[in-house]
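Structure record follows, encoded as structure tokens.
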Amino acid sequence: ILVVDDEPINQHVLKNHLNPDYYAVTTAMNGEQALAALQSGEPFDLVLLDIMMPRMSGYEVCERIREQFLPSELPIIMVTAKNLVKDLVMGLDTGANDYLAKPFTRDEFLARVKTQLNLHQINRATGRFVPSAFLRSLGRENITEVRLGDQVERKVTVFFSDIRDYTAMSESMTPEQNFKFVNAYNRRMGPIIDRHGGFINQYLGDAIMAIFQHSPEGALRASIEIQQAIREYNRQREAKGRRPIRSGIGFHTGPLIMGIIGDDKRLDAATISDTVNTAARIESLNKFYGANILLSEDSLAAISEPEAFHFRMLGQVQMKGKKVPVGIYECFDGDSPEGFDKKRATLDAFAEARTSYFDKEFAKAYRAFEAILKENPEDATTQLFLNKTLECIASGVPDDWTGIERMTAK
Numbered sequence: 017i018l019v020v021d022d023e024p025i026n027q028h029v030l031k032n033h034l035n036p037d038y039y040a041v042t043t044a045m046n047g048e049q050a051l052a053a054l055q056s057g058e059p060f061d062l063v064l065l066d067i068m069m070p071r072m073s074g075y076e077v078c079e080r081i082r083e084q085f086l087p088s089e090l091p092i093i094m095v096t097a098k099n100l101v102k103d104l105v106m107g108l109d110t111g112a113n114d115y116l117a118k119p120f121t122r123d124e125f126l127a128r129v130k131t132q133l134n135l136h137q138i139n140r141a142t143g144r145f146v147p148s149a150f151l152r153s154l155g156r157e158n159i160t161e162v163r164l165g166d167q168v169e170r171k172v173t174v175f176f177s178d179i180r181d182y183t184a185m186s187e188s189m190t191p192e193q194n195f196k197f198v199n200a201y202n203r204r205m206g207p208i209i210d211r212h213g214g215f216i217n218q219y220l221g222d223a224i225m226a227i228f229q230h231s232p233e234g235a236l237r238a239s240i241e242i243q244q245a246i247r248e249y250n251r252q253r254e255a256k257g258r259r260p261i262r263s264g265i266g267f268h269t270g271p272l273i274m275g276i277i278g279d280d281k282r283l284d285a286a287t288i289s290d291t292v293n294t295a296a297r298i299e300s301l302n303k304f305y306g307a308n309i310l311l312s313e314d315s316l317a318a319i320s321e322p323e324a325f326h327f328r329m330l331g332q333v334q335m336k337g338k339k340v341p342v343g344i345y346e347c348f349d350g351d352s353p354e355g356f357d358k359k360r361a362t363l364d365a366f367a368e369a370r371t372s373y374f375d376k377e378f379a380k381a382y383r384a385f386e387a388i389l390k391e392n393p394e395d396a397t398t399q400l401f402l403n404k405t406l407e408c409i410a411s412g413v414p415d416d417w418t419g420i421e422r423m424t425a426k
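Under our numbering, the first residue of the sequence shown is numbered 17, with each subsequent residue one higher.
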């Protein structure tokens with residue numbers, strides 16, 4: 017509980033009311049200290065906020081808090097000697113959940129505190145099933161306000177990650193071990209997505225679907241950090257004699273409808289858009305290309321500073337059932353330090369080899385891809401292009417060949 021009051025004696029009274037065996041209390045003398053405490057990352061369940069404070073009033077502090085936290089995410093009780101109706105109305109209008117006028121009894125104080133904490137616990141529990149960011153997108157503050165048919169269309173980045181060869185791995189584990197493994201993995205990856213401005217829309221067994229409502233740069237930075245976290249996780253797994261894991265990540269930027277579907281008795285939060293299907297298929301292309309992070313040309317075009325990262329253009333891919341191909345890029349910033357250095361050293365050579373391949377200069381492309389593999393034998397993407405170049409040399413290509421990959425499976 018965060019207690020915000022510029023009078024030490026008032027802080028002392030409130031702390032005495034709050035049994036230290038049940039409540040952990042942090043104090044702030046003014047609005048600036050309160051906002052700094054909330055930005056520190058420490059999780060708070062309730063704010064007890066005085067109104068009359070120097071420099072920044074409790075009303076102003078409340079408004080600033082509401083810019084970041086919904087009333088369902090962080091309840092605020094205003095505790096003050098201002099007991100006129102207009103003061104109460106102003107407090108509630110600025111975003112307070114409750115208003116407690118002095119003087120008050122300890123029993124009344126604790127009853128109001130417990131009520132807000134219980135409601136907060138309920139809201140936090142429902143937020144684990146329907147993300148607060150999803151509700152906020154619909155213009156709702158908590159789950160009780162949701163109505164069938166609520167929907168909004170946004171341009172977002174849809175992110176998918178999937179553990180490689182999980183089916184084979186799961187066969188050697190009991191159901192309980194499977195659940196423990198998946199949850200251990202998700203506990204590591206979920207906070208990374210949250211830290212970079214995304215929210216997890218669905219856990220799909222060993223896969224994660226997340227939505228980034230702002231720049232796809234957040235999705236890219238999360239992807240890179242996730243690959244780094246997996247390497248650290250693998251060191252821990254290998255120390256225990258367990259096999260390492262790999263995860264492929266793909267994302268695409270485009271329009272998305274978020275809303276509530278179902279019937280009068282059963283509702284569900286849903287996302288409806290071709291953007292979701294495209295992102296999922298881009299993720300699956302990691303297996304084909306031997307990559308770890310893939311993104312569409314639409315996502316790359318929306319990144320404000322692409323020069324801060326390292327990409328390889330892999331070509332155009334026509335997904336099954338789609339008419340328009342999608343440009344696919346690999347980001348290798350999440351590769352191991354050794355792999356990253358080798359790909360960066362051969363980045364220009366790869367671009368030239370790829371250009372030769374798409375220009376049907378297959379002999380030239382073959383020599384270039386072969387030279388890259390001598391420097392980086394573990395470059396699976398280059399090996400794929402080398403093999404495809406050999407196929408073109410051996411079998412020839414029609415006059416209208418464009419090099420577009422046409423996928424026959426979803």
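All C-beta atoms, glycine included, are put in the ideal place defined by N, C-alpha and C.
Is DSSP giving residue i helix, strand or coil here?
| i | result |
| --- | --- |
| Q229 | coil |
| P353 | helix |
| Y39 | coil |
| V174 | strand |
| S289 | coil |
| R71 | coil |
| P341 | coil |
| S315 | helix |
| M205 | helix |
| F215 | strand |
| H326 | coil |
To the nearest angstrom, how far is it from the Cα of residue i to the Cα of residue j?
| i | j | result |
| --- | --- | --- |
| T190 | N199 | 14 Å |
| L104 | M72 | 18 Å |
| L164 | A141 | 21 Å |
| K102 | I276 | 37 Å |
| R203 | N194 | 14 Å |
| A235 | F175 | 7 Å |
| E368 | Q229 | 35 Å |
| D22 | Y75 | 14 Å |
| W417 | Q244 | 39 Å |
| P271 | S289 | 7 Å |
| T378 | F304 | According to the sequence shown, residue 378 is Phe rather than Thr. Using only the alpha carbons, I get a separation of about 21 Å. |
| L316 | R211 | 20 Å |
| F327 | A255 | 33 Å |
If you drop the 5 nearest sequence neighbours on each side, which residues of the same chain put their C-beta closer than 6 Å to that of residue i?
| i | result |
| --- | --- |
| I420 | Q332, Q334, P341 |
| Y451 | This structure leaves residue 451 out entirely; the chain is present only between 17 and 426. |
Taking DSSP's pairing of strands, which residues face residue i in a bridge?
| i | result |
| --- | --- |
| V19 | T43, L64 |
| S263 | I179 |
| I81 | In DSSP, I81 forms no bridge with anything. |
| V168 | M274 |
| L310 | G266, E346 |
| Q334 | R422 |
Near residue i, what residues of its chain come up, given a Cβ to Cβ distance below 7 Å and the 5 sequence neighbours on each side ignored?
| i | result |
| --- | --- |
| D178 | D222, A223, S263, G264, E299 |
| R422 | Q334 |
| N99 | A117 |
Which whole-angstrom value describes the C-beta separation of residue i and residue j, a residue pair presumed to lie in contact below a C-beta threshold of 8 Å?
| i | j | result |
| --- | --- | --- |
| V41 | K31 | 5 Å |
| I216 | A238 | About 11 Å separates the two Cβ atoms, so there is no contact after all. |
| F60 | L90 | 6 Å |
| I93 | N113 | 6 Å |
| P53 | L86 | Note that residue 53 is Ala in the sequence shown here, rather than Pro. The pair is not a contact, with the Cβ atoms about 18 Å apart (cut-off 8 Å). |
Tell me which same chain residues have a C-beta within less than 8 Å of the C-beta of residue i, skipping the five on either side of it?
| i | result |
| --- | --- |
| L154 | V162, D166, Q167, V168, M274, G275, I276 |
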